[in-house]
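Quick notes on the structure that follows.
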Amino acid sequence: MDLSIKDYSLTPADVPVFEPKLVSDARKNELKEEIRELLRKQDAVLVAHYYVDGDIQDLASETGGCVSDSLEMARFGCNHSASTLIVSGVRFMGETAKILSPDKRVLMPTLEAECSLDLGCPPDEFAKFCDANPDRTVVVYANTSVEVKALSDWVVTSSVGLKIVEHLAADGEKILWAPDKHLGHYIQTQTQADMLLWSGACVVHEEFKYRALVDLKKVYPDAGLLVHPESPAAVIEEADCVGSTSQIVRAAGELDYDTFIVATDRGLFHQLRKMQPNKRFIEAPTAGDGAMCRSCAHCPWMAMNELETLRDSLLSLDNEILVDEETAMRALKPLQRMLDFPVN
Ligand code: 13P
Ligand code: SF4
Numbered sequence: 000m001d002l003s004i005k006d007y008s009l010t011p012a013d014v015p016v017f018e019p020k021l022v023s024d025a026r027k028n029e030l031k032e033e034i035r036e037l038l039r040k041q042d043a044v045l046v047a048h049y050y051v052d053g054d055i056q057d058l059a060s061e062t063g064g065c066v067s068d069s070l071e072m073a074r075f076g077c078n079h080s081a082s083t084l085i086v087s088g089v090r091f092m093g094e095t096a097k098i099l100s101p102d103k104r105v106l107m108p109t110l111e112a113e114c115s116l117d118l119g120c121p122p123d124e125f126a127k128f129c130d131a132n133p134d135r136t137v138v139v140y141a142n143t144s145v146e147v148k149a150l151s152d153w154v155v156t157s158s159v160g161l162k163i164v165e166h167l168a169a170d171g172e173k174i175l176w177a178p179d180k181h182l183g184h185y186i187q188t189q190t191q192a193d194m195l196l197w198s199g200a201c202v203v204h205e206e207f208k209y210r211a212l213v214d215l216k217k218v219y220p221d222a223g224l225l226v227h228p229e230s231p232a233a234v235i236e237e238a239d240c241v242g243s244t245s246q247i248v249r250a251a252g253e254l255d256y257d258t259f260i261v262a263t264d265r266g267l268f269h270q271l272r273k274m275q276p277n278k279r280f281i282e283a284p285t286a287g288d289g290a291m292c293r294s295c296a297h298c299p300w301m302a303m304n305e306l307e308t309l310r311d312s313l314l315s316l317d318n319e320i321l322v323d324e325e326t327a328m329r330a331l332k333p334l335q336r337m338l339d340f341p342v343n
């Protein structure tokens, strides 16, 4: 049985349309003050992803929490002494925090923030795929459920996936990769590893369009191009830097361009503009003429993280992430392997 050819990408109809509430500056300031107070009261620290609302990112930095890529979020949460982690991002990020810190309370602003990669990799079907390929080392992207992680040998994020697969391939291991076919293909072309790919995709990054990008580059011939590796291969091939969200932020500071075209969720622009106020950042084009764009470079699930839901979660303690203990213990091994992997 070869499940690798089955397409697990979501269709536009599967993607929720989420309209964030309009909130006045005065109300935002009130909510931020309430959140600062609740963080102290609940012995909580805010761990935020670069794609969430800019006000939440700023609150995380200013209150001693972290705003980062998914790898650093995982590290930060388990190394921090707070008894409660409030994770602003999508569900797999909250679950990862809980697996790594089972004794901490892990809250999220909403429990409905999914990820199309996670949704596109059902554990029971993935288990069959693994069973059909027992000779392969199972490497899964962090954007997966606890159950899928528990079936793996390694968990990786986009910042370390390439190095880890390179290391495994050097040891002669054949890889079974899931769920992102674009990231898997990118790693495969860079490492020449023998990789069998699951066929999932990110609904946000898949919308970046090569032809429109080439046209935009003609308008800005001196711009650098920064690309997240969940994007299609043709877009990646044009890039001056391919990397995780943190690696993109770093490259924007290090590369000698005044202007960048950026192919990733537009939530990252908040941080890019803050870190590099003298540089110009332009969104890479999404869906081309007549095509349908339901994400338009903003993850609908990341958008569900709002100041109000963050405040409510800290107040009610309702949105707690709970994971099955036995499954979490199995998922911990491959996650810990990633955290222990020497990156430099
Ligand atoms: P990073 O690990 O680069 O932050 O990516 C997470 C993610 O979900 C990108 O879409
Ligand atoms: Fe998942 Fe894509 Fe959203 Fe990242 S941007 S959380 S990969 S759906």
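Going by numbering that gives the first Met the number 0, the sequence shown opens with residue 0, and the numbers climb by one from there.
Backbone N, C-alpha and C define an ideal beta-carbon position, used for all residues, glycine too.
Might you give, ordered along the chain, the residues of its own chain that have their beta carbon closer than 8 Å to the beta carbon of residue i, omitting 5 neighbours on each side?
i	result
S100	G76, C77, L84
I320	V86, R90, G93, E94, A96, K97, V105, L106, M107, L110
P220	none
S3	For S3, the predicted structure reports a pLDDT of 49, less than 50, and the residue's modelled location is therefore unreliable. The matter cannot be settled from this model.
A232	H181, H184, Y185, T188
V234	F207, K208, Y209, L212, V226, A262, A283
A238	L224, L225, V226, A262
So which of the options has the shortest CA-CA distance to residue i?
i	options	result
D311	S60, K31, L21, A232	K31
M194	G183, D179, D13, A238	G183
E206	C295, D52, G63	C295
E113	F128, A126, A141, K127	A141
K173	V234, S230, S157, C129	C129
K103	A43, D123, L116, T143	A43
Q335	R74, K20, W176	R74
C120	P299, V46, A283, L9	L9
D152	S144, S158, V138, V145	V138
G171	R272, V203, T136	T136
N277	Q187, S243, D255	D255
G284	V218, P133, R26, E305	Looking at the sequence shown, residue 284 is not Gly but Pro. Out of V218, P133, R26, E305, V218 has the C-alpha closest to the C-alpha of P284.
R272	Q56, P15, C201, H204	Q56
S245	V203, T62, D264	D264
P122	E18, C65, S80, T143	T143
R39	L58, A25, V342	L58
Give me, in chain order, the residues of the same chain whose beta-carbon lies closer than 7 Å to that of residue i; leave out the 5 immediate sequence neighbours on both sides.
i	result
D288	The predicted model places D288 with a pLDDT of 49, which falls under 50 and marks its position as unreliable; any figure quoted below should be read in that light. Answer for D288: no residue qualifies.
T326	V145, E146, A149
A250	L225, C240, G242
K356	The structure shown does not extend to residue 356, since the chain is modelled only from 0 through 343, so no value can be given for it.
Is it true that the CB of residue j sits closer than 8 Å to the CB of residue i?
i	j	result
H48	S23	no
I260	K208	no
G88	M303	no
G160	Y7	no
F297	G266	At residue 297 the sequence reads His, which differs from the Phe that was named. Taking 8 Å as the Cβ cut-off, H297 and G266 qualify as a contacting pair.
F280	I163	no
R329	A149	yes
Y185	V241	yes
L212	L37	no
E305	D13	no
M337	V154	yes
T188	S243	no
P19	P299	no
Assign residue i to one of two classes, buried (16 or more other C-beta atoms within 10 Å of its C-beta) or exposed (fewer than that).
i	result
Q353	This structure gives no information on residue 353, because the portion of the chain shown stretches from 0 to 343.
F125	buried
L21	exposed
N28	exposed
D117	buried
S67	buried
T258	exposed
D54	buried
D214	exposed
A290	The predicted model places A290 with a pLDDT of 46, which falls under 50 and marks its position as unreliable; any figure quoted below should be read in that light. The residue is exposed, with fewer than 16 neighbouring Cβ atoms inside 10 Å.
M274	exposed
A81	buried
By Cβ distance below 6 Å, which residues in the same chain neighbour residue i in space, the five residues on each side in sequence not counted?
i	result
W197	A177, P178
A192	V164, A168, I174
T308	P108, T109
D1	Interpretation of D1 is limited by its pLDDT of 48, a score under 50 that renders its predicted location unreliable; the figure taken from the coordinates is listed afterwards. Cβ neighbours of D1 beyond the five flanking positions: none.
Following a CB-centred definition, is residue i positioned closer than 7 Å to any heavy atom of ligand 3?
i	result
H48	As far as ligands go, the structure on display features ligand 1 and ligand 2 and does not contain ligand 3.
- What residues come near ligand 1, if near means a beta carbon less than 5 Å from any of its heavy atoms? D68, S69, T156, S157, S243, T244
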